[in-house]
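Chains as they are written, first to last, in our numbering: chain A, 218 to 310; chain F, 21 to 293.
Taking it in order: structure first as structure tokens, then the write-up.
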Amino acid sequence: MSIISVNHLCRDVARDRALREALLRDPEGELAQYPRKFTATERAALLAGDVGTLYQMGVNAYLMGYLARYGLFGLTGEAYSARVRASEAAKNR
Amino acid sequence: MASIVGAIGLPHNPNFPELVARQGLTCDTAQSYQRAAAEFEMLRPDAVLIFTTDHLNTFFFENLPILAIGVDDEFAGPNDEVPTVSHRKVPSIASLARHLHASTVAAGFDLSSVQEFEVDHSVIVPLHFLSSTFSVSVIPIFISTHIAPRPTSRRCFVLGETVRAAVQSWPGPLRVAVIGSGSFSFDVHGHLSPPGRLVGVPDPAWVHRVGEHLQRNAISDLINEATPERFSRAGNVSGEILNWIAMLGTIEGQKLSWFKPELEFGNSYAVWR
Chain A
218 MSIISVNHLC RDVARDRALR EALLRDPEGE LAQYPRKFTA TERAALLAGD VGTLYQMGVN
278 AYLMGYLARY GLFGLTGEAY SARVRASEAA KNR
Chain F
21 MASIVGAIGL PHNPNFPELV ARQGLTCDTA QSYQRAAAEF EMLRPDAVLI FTTDHLNTFF
81 FENLPILAIG VDDEFAGPND EVPTVSHRKV PSIASLARHL HASTVAAGFD LSSVQEFEVD
141 HSVIVPLHFL SSTFSVSVIP IFISTHIAPR PTSRRCFVLG ETVRAAVQSW PGPLRVAVIG
201 SGSFSFDVHG HLSPPGRLVG VPDPAWVHRV GEHLQRNAIS DLINEATPER FSRAGNVSGE
261 ILNWIAMLGT IEGQKLSWFK PELEFGNSYA VWR
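The following block contains the structure:
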């Protein structure tokens, strides 16, 4: 189980300005170079800004919010909020 | 012998130092921290114990202790982003921390020992406001309150009682103040934050309820109601009330002397002395 890799990425995003800038320039290339491995599902969700899927996979919300705070993977605060809330609503339907 | 001379419950929002810098000393948050700081000064502590929760900065998923104590003669922080607050060192007392560690383990609390560590905003923000010179010695006791499984509220209270007994068995004449750090209802980046926002207060009724219990000294009621089910409605960092509950366990004889809710942020300020 590698969801910990996504958690690491999110914490690194909060701490590493160069990583943030690289992810903004070339998200796919930078993820490929990241020292930890992602599953295909995780990589696809990250690149699509699909934080709803990642939330339901168990990525820590406190950390994942940094993706939206720094506008990575096309995320805005509004989009992040909508996707996370929608994923939870879908789970409970 | 050492004694616990008072306790202070406080929030630790990482944006509060910047908020106070921007809004000035007359804003509500600044006024509350100033009152708490005045009370803190009146306690004249030689040492501070702070029950707190790391936000995946000191610890991470590879090693995530439920309970831990910092054992060193100094530590540094913040190791996360706290706008307007610089990274600095905080004095501590390794010998006292070792005594607390040994005493609590002997009593059945298996605290991890942490050396050469840094802390995040959950320690530095309260200290920033209470003792801006960072001159008083501080020992952090970490409780994992954000990520299930959390310790129960009853266990946290008994931990506080155990820490009090350990302090009282320290042979030196030491005045010890205790801090409980955290919020009652707050959600950070989770599905309980309001639509379109990254943070919010999803359960203001719980903030009211906690305040009522504290003001009535109905600690048993608070312990009974501070459950995982309540935390699932009150936000993903609402378990921080466990830091307050552990702090309440250290109190023996002190009375609530000041209480100030801050509903906008889902937290409160309180002093027992």
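Yeah, the Cβ is synthetic: ideal placement off N, Cα and C, and Gly gets one too.
Please read these numbers as outputs of a predicted model, since none were measured by experiment.
Original post:
Just the Cα atoms here: how many angstroms apart are Pro215/F and Leu263/A?
Top reply: For the purposes of this step, residue 215/F is taken as residue 195 along the second sequence, with counting starting at 1. For the purposes of this step, residue 263/A is taken as residue 46 along the first sequence, with counting starting at 1. Each residue's Cα considered, the two are about 21 Å apart.
Original post:
Anyone know if the C-beta pair for Val187/F and Met267/F falls short of 7 Å?
Top reply: Residue mapping note: residue 187/F aligns to position 167 of the second sequence, counting from 1. Residue mapping note: residue 267/F aligns to position 247 of the second sequence, counting from 1. Not a contact, by the Cβ cut-off of 7 Å.
Original post:
Going by beta carbon distance, what residues of the same chain come within less than 8 Å of Gly210/F, once the five residues before and after it are set aside?
Top reply: Counted from its first residue, the second sequence places residue 210/F at position 190. Correct list, in chain order: Gly255 and Asn256.
**OP:** Within the segment 264-308 of chain A, note down every full alpha helix (DSSP H) run reaching 4 residues or more, in order along the chain.
**Re:** 268-274 and 278-286
Original post:
If you drop the 5 nearest sequence neighbours on each side, which residues of the same chain put their C-beta closer than 6 Å to that of Asp92/F?
Top reply: Counting from 1 along the second sequence, the entry for residue 92/F is found at position 72. Cβ within range, chain order: Ser112, Ala114 and Gln135.
**OP:** Establish whether the CB of Ser219/A and some CB of chain F are separated by less than 7 Å.
**Re:** Numbered from its first residue, the first sequence carries residue 219/A at position 2. Judged by the 7 Å Cβ criterion, Ser219/A is not in contact with chain F.
Subject >> Partner residues on chain F for Met274/A, Cβ-Cβ distance less than 7 Å >> reply: The residue you call residue 274/A lines up with position 57 of the first sequence. Those within 7 Å of Met274/A in chain F number zero; the least Cβ separation is about 14 Å.
Subject >> Cβ neighbours of Ile239/F in the same chain (closer than 6 Å, five flanking residues each side left out) >> reply: Within the second sequence, numbered from 1, the residue matching residue 239/F stands at position 219. Result list for Ile239/F: Leu268, in chain order.
Original post:
Nearest chain A C-beta to Asp180/F closer than 7 Å, yes or no?
Top reply: Stepping through the second sequence from its first residue, residue 180/F is reached at position 160. Note that residue 180/F corresponds to Gly in the displayed sequence, not to Asp. Output row for Gly180/F: interface = no.
Subject >> Close-in-space but distant-in-sequence residues of the same chain around Arg300/A (CB under 6 Å, 5 per side omitted) >> reply: On the first sequence, position 83 is the one that residue 300/A refers to. So the list reads Val268 and Gly269, once near-sequence residues are dropped.
**OP:** Helix, strand or coil for Ala168/F, going by three-state DSSP, please let me know.
**Re:** Counting from one through the second sequence, the residue named residue 168/F turns up at place 148. Of the three classes helix, strand and coil, the one that applies to Ala168/F here is coil, per DSSP.
Original post:
In three-state terms, what does DSSP make of Asn287/F?
Top reply: Residue mapping note: residue 287/F aligns to position 267 of the second sequence, counting from 1. The answer is strand: DSSP assigns Asn287/F an E or B state.
Original post:
To the nearest angstrom, how far is it from the Cα of Asp207/F to the Cα of Asp223/F?
Top reply: Position 187 of the second sequence holds residue 207/F. Position 203 of the second sequence holds residue 223/F. The alpha-carbon atoms of Asp207/F and Asp223/F are separated by roughly 9 Å.
**OP:** Return the chain-ordered list of same chain residues with a C-beta closer than 7 Å to the C-beta of Arg228/A, the five sequence neighbours on each side being excluded.
**Re:** Within the first sequence, numbered from 1, the residue matching residue 228/A stands at position 11. If we look at Arg228/A and ignore the five residues flanking it on each side, its Cβ neighbours are Leu280.
Original post:
Which whole runs of the beta strand (DSSP E) in the segment 112-146 of chain F are 3 residues long or more, in chain order?
Top reply: 132-134
**OP:** Indicate the three-state DSSP secondary structure (helix, strand or coil) for Asp241/F in the structure shown.
**Re:** Residue numbering aside, residue 241/F sits at position 221 when the second sequence is read from its first letter. Of the three classes helix, strand and coil, the one that applies to Asp241/F here is helix, per DSSP.
Original post:
Between Val90/F and Phe137/F, is the Cβ-Cβ spacing less than 7 Å?
Top reply: Within the second sequence, the letter at position 70 stands for residue 90/F. Within the second sequence, the letter at position 117 stands for residue 137/F. It is Gly, not Val, that sits at residue 90/F in the sequence shown. Closer than 7 Å, so yes.
Original post:
Of all the residues that make up the segment 250-275 of chain F, which are near chain A by a beta-carbon distance shorter than 9 Å?
Top reply: Asn256 and Val257
Original post:
Is the CB of Glu245/A under 7 Å away from at least one CB in chain F?
Top reply: Counted from its first residue, the first sequence places residue 245/A at position 28. By this cut-off, Glu245/A is not an interface position.
Original post:
Counting along the chain, where does the alpha helix (DSSP H) carrying Gly246/A start and finish?
Top reply: Residue numbering aside, residue 246/A sits at position 29 when the first sequence is read from its first letter. Per DSSP, Gly246/A belongs to the alpha helix (DSSP H) from Pro244 to Gln250.
Original post:
Would a check of beta-carbon distances place Gly202/F closer than 7 Å to chain A?
Top reply: Position 182 of the second sequence, counted from the first residue, corresponds to residue 202/F. Gly202/F does not count as touching chain A.
Original post:
Going by the CB atoms, is the gap between Trp190/F and Ala27/F shorter than 7 Å?
Top reply: Taking the second sequence and counting its residues from 1, one reaches residue 27/F at position 7. Taking the second sequence and counting its residues from 1, one reaches residue 190/F at position 170. Result no, Cβ atoms of Ala27/F and Trp190/F do not sit closer than 7 Å.
Original post:
Within 7 Å (strictly less), CB to CB, does His32/F reach chain A?
Top reply: The residue labelled residue 32/F in the question sits at position 12 within the second sequence. It does not; no Cβ of chain A falls within 7 Å.
**OP:** Could you tell me which of Trp264/F, Val156/F, Ile243/F and Asn237/F sits nearest to Ala67/F, measuring between CA atoms?
**Re:** Here residue 67/F refers to the residue found at position 47 of the second sequence. Looking at the Cα atoms, Val156/F is the closest of the given residues.
Subject >> Same chain, Cβ closer than 8 Å to Val230/A, neighbours up to 5 away in sequence not counted >> reply: What you label residue 230/A is simply residue 13 of the first sequence in a count that begins at 1. Excluding positions up to five away in sequence, the list reads Leu236, Arg237, Leu240, Tyr283, Leu284, Tyr287 and Leu289.
Subject >> For Glu260/F, three-class secondary structure by DSSP >> reply: Your numbering for residue 260/F matches position 240 in the second sequence. Correct three-state label for Glu260/F: helix.
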